[in-house]
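Here my numbering is used: the first residue of the sequence shown is 1245, the next is one more, and so on.
Glycine is no exception: its CB is placed at the ideal position from the N, C-alpha and C atoms.
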Amino acid sequence: MPNETCDGCGFDAADYSHEDLLGTVRALAPMWRHTTEGIGESVLTTRPASGVWSALEYASHSRDVTGVMGYLLHLALTEDHPVLEPPPPETPEPTVPATLEHAIRELDKNVARLNAKGARMSDGDRSRPITLGDDTVDAGWIIGHAVHDATHHLRDVGRGLHALGAGAPSQQGTLVQINSSSGGVPKTALASATIGRRGVAGDHQAERRHHGRPWQALCIWSRDVIDALDAEGHMLFPGAAGENLTVSGIDWATIRPGVRLTIGAALVEVSAFATPCAKNARWFSDGKFRRIDHNLHPGTSRAYAWVLEGGTVAPGDAVLVEP
């Protein structure tokens, strides 16, 4: 079966296990919300350039694609090699609801159905074929395509919002510390590191259920946030919560999915806020590790990032927001 790749966004289905794909599917609605939260509907419905969709149009398109992928997956799993007509050569403009939140809710419903079907699949189910015009793919490809489409267009939205003046302001900070481990927390400091498309060379996750996907290649956090939390009586330090890169001098509350940063020789793009893990409870005086949950305490969360361009980094390197 074909392995789906994309020169435009760097997607490569070979980078994802089946569990990685489903974990990404489950993360899609939060990623869409966090990329667009706090931005006025007038901006979300504005096209940043001629021929480039608005955030609302992209979300509606991903809603539709996720729904279609769920339908195709149902056919692949319940019929013996179904054969369908090819998709239209031109991508149709989506029907948009009144607000972006409506589109995200509809997307989330389609995501839930797709995830439920995917979670029940056996290894054999993943190779069940379906033909779309001249192309034969399998059930596993269908889930990968849903992930590719949604994450690709999320990044389009991030760039579009920046072009419309709704992104993070340009600013400069400093890389304070690079952190790595063979799994678990805390991570320990490195004198320098090579960053590749899968993150800091030599860094590993002990548990992959919630970690290690391409959009989680790097985890970045703010030394300024760490210091503020310690002033509350907590016991955090760079690397304690598992971030790979600890930075300072950045207005961390302005960092959101879709924002790009250069860190030393590397160029990265924020993909999502990291969900806090119970393994970090030890660093909090009251054990309440959700103190760094973006949904509860905006501006304090760690951030995951894609690596767009790799390179060598070292403490003291400049960190540029929207260079």
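Per DSSP, reduced to three states, the secondary structure at L1480 is coil, with no helix or strand assignment. In the three-state reduction of the DSSP assignment, G1543 falls in the coil class, being assigned neither a helical nor a strand state.
The alpha helix (DSSP H) runs lying completely inside the segment 1324 to 1368 and spanning 4 residues or more are 1344 to 1363, given in chain order. Beta bridge pairing from DSSP links N1423 with A1433. Taking the C-beta atoms as reference points, V1444 is found no nearer than 8 angstroms to I1507. Counting only the Cα atoms, A1484 lies some 12 angstroms from H1478. Between the beta-carbon of W1465 and that of S1515 there is about 14 angstroms, and that puts the pair past the 8 angstroms contact cut. Restricting attention to H1392, D1382, L1489, P1330, the CA atom closest to the CA of S1366 is found in D1382. The beta strand (DSSP E) runs of length 3 or more contained entirely in the segment 1368 to 1421 are, from start to end of the chain, 1373 to 1376, 1379 to 1382. A Cβ-Cβ distance of about 5 angstroms is found for the pair L1317 and K1361, placing them in contact under the 8 angstroms criterion. Our two residues, I1386 and Y1260, have alpha carbons roughly 13 angstroms apart in a direct line. Sequence-distant Cβ neighbours of L1434 in its own chain, meaning closer than 6 angstroms and more than five residues away, are I1422, S1424.
Counted as a single uninterrupted DSSP element, the beta strand (DSSP E) harbouring S1515 occupies residues 1510 to 1517. Assigned with DSSP and collapsed to three states, G1555 falls in strand. In the DSSP annotation of this structure, I1283 is not part of any alpha helix (DSSP H), being labelled neither H nor E. In its chain, beyond the 5 residues on either side, V1469, I1536 have a beta carbon closer than 6 angstroms to the beta carbon of T1544. Contact between A1407 and A1293 holds: CB atoms are separated by about 7 angstroms, below the 8 angstroms threshold. Assignment of V1491 by DSSP, reduced to helix, strand and coil, places it in the strand class. Shortest Cα-Cα distance from D1561 to any of D1324, Q1416, R1307, T1343 involves Q1416.
Per DSSP, the unbroken beta strand (DSSP E) holding I1507 starts and ends at 1504 to 1507. The Cβ atoms of N1488 and L1462 sit closer than 8 angstroms to each other. With respect to L1265, L1351 sits apart: the two C-beta atoms are not nearer than 8 angstroms.
Sixteen is the threshold: since fewer than 16 other Cβ atoms of the shown chains lie within 10 Å of the Cβ of L1540, the residue is exposed.
Rounded to the nearest whole angstrom, the C-alpha separation of T1498 and P1338 is 30 angstroms.
Here G1456 is not bridged, per DSSP, to any residue.
For a cut-off of 8 angstroms, the C-beta gap from R1500 to T1268 is around 18 angstroms, too long to register as a contact.
Contact check for S1298 against T1289 passes: the beta carbons are separated by less than 8 angstroms. Residue state for W1496 is assigned as helix, using DSSP reduced to three classes.
Going by C-alpha positions, P1520 is about 35 angstroms away from L1321. For H1262, the closest C-alpha among the options G1377, A1347, A1363, H1538 is that of A1363. With a threshold of 16 other beta carbon atoms within 10 Å, H1305 meets it and is buried. The beta-carbon separation of V1557 and L1419, rounded to 6 angstroms, stays under the 8 angstroms limit for a contact. Looking from the CA of D1324, the closest CA among T1375, K1353, V1287 belongs to T1375.
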